[in-house]
Amino acid sequence: MKYEFNLKSAPFGLQAICVAFGSLVLVPILTGLSPSVALFTAGIGTLAFQIITRGKIPLFLASSFAYIPAIQYGVQHWGIAKTQSGLITAGIVQIIVAIFIRTFGYGFIKKILPPVVIGPVIMVIGLSLAPVGVNMARGIGTDHTENTCLLVSGITLIVAMWSVMHKGWLKLFPIIIAIAVGYVASIFLGIVDFTPLHNNAWLATPNFTAPVFDWSAVLYMIPIALAPTIEHIGDVSAISSATGENYFKDPGLHATLFGDGFATSLAGFFGGPPNTSYSEVTGAVILTKQFNPAIMTWASIVAIAVAFVGKLSGLLATVPAPVIGGMMILLFGMITTVGIKELHKAGKHDLDKSRNMIIIAVILVFGIGGMTFGNESFHIAGIGLAAITGIVLNAILPKSNEPEPKTPLENI
Numbered sequence: 246m247k248y249e250f251n252l253k254s255a256p257f258g259l260q261a262i263c264v265a266f267g268s269l270v271l272v273p274i275l276t277g278l279s280p281s282v283a284l285f286t287a288g289i290g291t292l293a294f295q296i297i298t299r300g301k302i303p304l305f306l307a308s309s310f311a312y313i314p315a316i317q318y319g320v321q322h323w324g325i326a327k328t329q330s331g332l333i334t335a336g337i338v339q340i341i342v343a344i345f346i347r348t349f350g351y352g353f354i355k356k357i358l359p360p361v362v363i364g365p366v367i368m369v370i371g372l373s374l375a376p377v378g379v380n381m382a383r384g385i386g387t388d389h390t391e392n393t394c395l396l397v398s399g400i401t402l403i404v405a406m407w408s409v410m411h412k413g414w415l416k417l418f419p420i421i422i423a424i425a426v427g428y429v430a431s432i433f434l435g436i437v438d439f440t441p442l443h444n445n446a447w448l449a450t451p452n453f454t455a456p457v458f459d460w461s462a463v464l465y466m467i468p469i470a471l472a473p474t475i476e477h478i479g480d481v482s483a484i485s486s487a488t489g490e491n492y493f494k495d496p497g498l499h500a501t502l503f504g505d506g507f508a509t510s511l512a513g514f515f516g517g518p519p520n521t522s523y524s525e526v527t528g529a530v531i532l533t534k535q536f537n538p539a540i541m542t543w544a545s546i547v548a549i550a551v552a553f554v555g556k557l558s559g560l561l562a563t564v565p566a567p568v569i570g571g572m573m574i575l576l577f578g579m580i581t582t583v584g585i586k587e588l589h590k591a592g593k594h595d596l597d598k599s600r601n602m603i604i605i606a607v608i609l610v611f612g613i614g615g616m617t618f619g620n621e622s623f624h625i626a627g628i629g630l631a632a633i634t635g636i637v638l639n640a641i642l643p644k645s646n647e648p649e650p651k652t653p654l655e656n657i
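Heads up, the sequence shown stops at 657 in this note's numbering, and the numbers go up one at a time, no gaps.
What follows is the structure in structure tokens.
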């Protein structure tokens, strides 16, 4: 899709921020970092990513959930400033992997990531996040009754589905429309808390912090960068399948991974959480079929503005969890369907083969079931574990003599 920066794409950027806001600020809240800094670093990180990838891929980068346990551990043991040095190093690890891919080619990537691995990994990206959407839809963790929350999330979901199915301009903005209707319903039902809007100042400088180098934090974070690296490959595959473009070839996996790593290191210098491509926004892209990468430029501009304008972040913070939960049910489901589509596109891939069934089954159960390996100081779980498991099984299980189906990676 051609990059076209104009006012027509601005509403879609706002729509992307509405989808990403809840998760974007949740990571710093859980880890002791600053939400306003996270907004700022998401914005500048995405802009840097777009420059590095020459504005060719519609991805929005923001706070990574994969680093939450590591950041919590680091802040507790070394403090925020020293933990930042470890996060900067994690981004550098991704950059080194990107340089390795650029130097030695994509051969090993093609070999370790066939459709039987990529398809279920993309499904895990959506399905592993499903409980987040459902819990928000039910109002888990809020003071509101579950029935009221389900009513609000149900209204939001129904309006979103109706907008998507409708012809005309409504189909372009199903997320904004659904959130607006859900928000109004929430006001009538009395579950909107306007306190953040009243308390926030109009203008406020984010609480930036400078990193302090610490070898312990650096060595601790280096292996954790593996999971987001593999997750990134799954995200690029998902958006490639959704748009019909081969982003592994142009701008190239080395460029997208370099951009991801650079955005993570850049965030570390300001005191923000590591950046990663956001599945919620990818789901919105798939849902609306608006593939113009300039949308993410507008999303970045909005994120930076919200970081400095307290009233804007306060307004977004008043949107009740059930409203966002209703949307996430649809968006995370859209990601899952892309994974199913990837397996379907494999063509003659015989899913009755024991080998393939084993790989798909273990990836899905590990990724969705919450399997974890490691200890309190370091562990791997979720999408990263699912991807690594799939790669290992694909490498060690005996293969048949039948040719493997082609994927976007094969066209590099």
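All C-beta atoms, glycine included, are put in the ideal place defined by N, C-alpha and C.
Across the set Leu374, Ala512 and Tyr492, the C-alpha of Leu374 shows the shortest separation from the C-alpha of Gly615. With contacts defined by Cβ atoms closer than 7 Å, Ile346 and Leu498 form a contacting pair.
For Thr521, the enclosing beta strand (DSSP E) starts and ends at Asn520 to Ser522.
Listed as beta-bridge partners of Phe266 by DSSP are no residues whatsoever.
Scanning the region 461-541 for uninterrupted alpha helix (DSSP H) segments of 4 residues or longer gives 471-488, 498-515 and 524-533, listed from N- to C-terminal end. Between Pro538 and Ile302, the C-beta spacing is below 7 Å. Contact between the region 510-519 and the region 274-294 is established, with three or more Cβ pairs separated by less than 8 Å. For Thr634, the uninterrupted alpha helix (DSSP H) segment begins and ends at Gly627 to Ile641. Excluding the 5 residues flanking it on each side, Ser308 has same chain C-beta neighbours closer than 6 Å at Leu269, Val272, Ala283 and Pro518, in chain order.
Just measuring C-alpha positions, the residue of Phe349, Ser254 and Phe310 sitting nearest Ala626 is Phe310. Look at Phe458 here: in three-state DSSP terms it is coil, with no helix or strand label. The three-state reading of DSSP puts Phe418 in coil, since its state is none of H, G, I, E or B.
The beta carbons of Ile467 and Ala335 sit about 7 Å from each other, so the pair counts as a contact at 8 Å. Minimum Cα-Cα distance from Ala446 among the listed residues Phe536, Gly555 and Leu576 corresponds to Gly555. Per DSSP, Ser599 is one residue of the alpha helix (DSSP H) stretching across Ser599 to Gly614. Counting every other CB atom within 10 Å of its CB across the protein chains shown gives Trp460 a total below 16, marking it as exposed. Around the beta-carbon of Met410, fewer than 16 other beta-carbon atoms lie within 10 Å, marking it exposed. Inter-segment contact for the region 366-385 and the region 542-557 is absent: fewer than three beta-carbon pairs are separated by less than 8 Å.
Relative to the Cα of Thr634, the nearest Cα in the group Trp407, Phe618 and Thr328 belongs to Phe618.
In the DSSP assignment, Ser398 falls within the unbroken alpha helix (DSSP H) covering Glu391 to Met410.
The Cβ atoms of Met572 and Ala405 sit closer than 7 Å to each other.
With a contact defined as Cβ atoms closer than 8 Å, Ser486 and Val366 miss out at about 12 Å. In this structure, Lys494 is the residue among Val264, Leu561, Lys494 and Gln535 with its C-alpha nearest to the C-alpha of Gly350. If you look at Ser330, you'll find it in the alpha helix (DSSP H) that goes Ile325 to Phe349.
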